[in-house]
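Student:
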Amino acid sequence: MVTLQDLPHEILIDIFLYSSNPQLVITSKGLYQYLANLPASVKAEWLMIKYAHDPRLAFHHGVRWAFFNHDVLRNLDKRYQAIARLELEEGKRDSDRPQKRRRLSKPTLAIKAPSSNALIPISFAGKKVPYTFFDQSPTPPERIALIETLLTRGANVNEPNGYPIIRSSSLGNQRMIKLLLSYGADPSIRKNSALKLAAGHGHVDTVRLLLENGVKPDADVLKITVKKEFWDIVKLLMDHGAVPDMATLNTL
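Start counting the sequence shown at 1; every next residue gets the next number (UniProt numbering).
1) Between the C-alpha atoms of K235 and N158, what's the straight-line distance to the nearest angstrom?
2) So within the UniProt repeat "ANK" (190 to 219), which uninterrupted alpha helix (DSSP H) runs reach at least 4 residues, ignoring any that extend past its ends?
3) In the structure shown, what three-state DSSP assignment does K228 receive?
4) Beta-carbon separation of H60 and K127 under 8 angstroms?
5) Please classify M176 as buried or exposed, where buried requires at least 16 neighbouring CB atoms within 10 angstroms.
6) Have a look at M48 and Q136 and give me their C-alpha separation to the nearest angstrom.
7) Could you give the DSSP three-state label for I37: helix, strand or coil?
8) How big is the Cα-Cα spacing for L12 and N173?
9) Can you tell me which of P217, G30, F230 and K228 puts its alpha carbon nearest to the alpha carbon of P244?
10) Quick one: is K100 buried, meaning 16 or more other Cβ sit within 10 Å of its Cβ, or exposed?
11) Going by the C-beta, is V207 closer than 7 angstroms to any heavy atom of the ligand MG?
12) In this structure, does DSSP put K178 in helix, strand or coil?
13) For P130, which of D186, W65, S193 and Q33 has the nearest alpha-carbon?
14) Please state the DSSP three-state secondary structure of K127.
15) Just confirm the distance between the C-beta atoms of G162 and R190, as a whole number of angstroms; I'd bet it's less than 8 angstroms.
16) What is the residue span of the alpha helix (DSSP H) that R143 lies within?
17) Which residue wins for smallest C-alpha separation from A145, given the options I120, E90 and L73?
18) Within a Cβ cutoff of 8 angstroms, which residues of the same chain sit near L4, ignoring the five residues on either side of it in sequence?
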């Protein structure tokens, strides 16, 4: 029986690129493995086709796809730079012919043209790091590197709704917490949710890290740890100023 995998490489690549159904890659395990090993340039081209041939949109939306990595991002950066150079050249030609200004067949991307050969990184300002990036502990090194790249390019470290540091704290992922804090994450966001979850899961070192970064423990988090009999965390919280309410005090 002939399958998709029996097609010539070039035809299979074209089917992948122009398929409107992203579920194509999971139609079979063999096809998934085959397409997963495609070069970054092919994956970047798929994103470009899917997102209106705009490298910025391809980056902003493509980062959610499992195959997205630094190699794909570098390829999109190069495409972004190429468009910027093209617009620069078109602008020069138009300025030389002010009376015969040529109308572009496609809308421009309003990209700041490069003044040198340096690669222009696509901004990620104000965007959210996909929440799934924080659901694994320990986080793989390549994922940590990608998260840091997104933060360096302006990703909002506290969105969505404090999830990055809260989820990382619930998992006891100290390396990720330190990274988020270095980019200005609010460790007290959502009424000390990060501290409450870290304490509730018994992550004493994570609790210590949050306290050392300015989180103020309250009676609620103390009540949680007393109920679970995490006495080392109870002591740590009280050493940092947590005051038990009467109900909690009666159980000590």
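Cβ atoms here follow ideal geometry from the backbone N, Cα and C, with glycine treated the same way.
Tutor: According to the structure data:
1) 29 angstroms
2) 204 to 212
3) coil
4) yes
5) buried
6) 29 angstroms
7) The question names Ile, but residue 37 is Asn in the sequence shown. Coil, per DSSP.
8) 41 angstroms
9) P217
10) Interpretation of K100 is limited by its pLDDT of 49, a score under 50 that renders its predicted location unreliable; no figure is taken from the coordinates.
11) Annotation note on the ligand MG: not contained in the displayed structure, which lists no ligands.
12) helix
13) W65
14) coil
15) 5 angstroms
16) P141 to T152
17) L73
18) L12, I15, T27, S28 and L31
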